[in-house]
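Below: one structure, written as structure tokens.
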Amino acid sequence: MRYHRRYCLSNPKAAENKLKRRAPPKRKGPYICNVCEKPYDNDSSYRTHVARGHAKKQLTEQ
1 MRYHRRYCLS NPKAAENKLK RRAPPKRKGP YICNVCEKPY DNDSSYRTHV
51 ARGHAKKQLT EQ
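Using full-length UniProt numbering, read the sequence shown as starting at 1 and increasing by one per residue.
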């Protein structure tokens, strides 16, 4: 990240506040599938698993 010098000299909190606004922290901890109870370390793997695996199974069961 590139900062202008005024962030550091005139307002030291500005750089810190800019970092806080950037992206919300992701939820930490295991993501556990409600259907098969398989654990995943990150959100994207969990969502991919549900979209690929369980969406097809739920459609065929109906």
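All C-beta atoms in this analysis are idealised placements derived from N, C-alpha and C, irrespective of residue type, glycine included.
Quick caveat, the model's predicted, so the values are computed rather than measured.
Let's see if you can read the secondary structure: which residues bound the alpha helix (DSSP H) around residue i?
i   : result
D43 : D43 to H49
Provide the residue(s) that pair with residue i in DSSP beta bridges, ordered along the chain.
i   : result
P39 : I32
Going by Cα to Cα distance, which pick from the options is closest to residue i?
i   : options          : result
G29 : D43, C36 and V35 : D43
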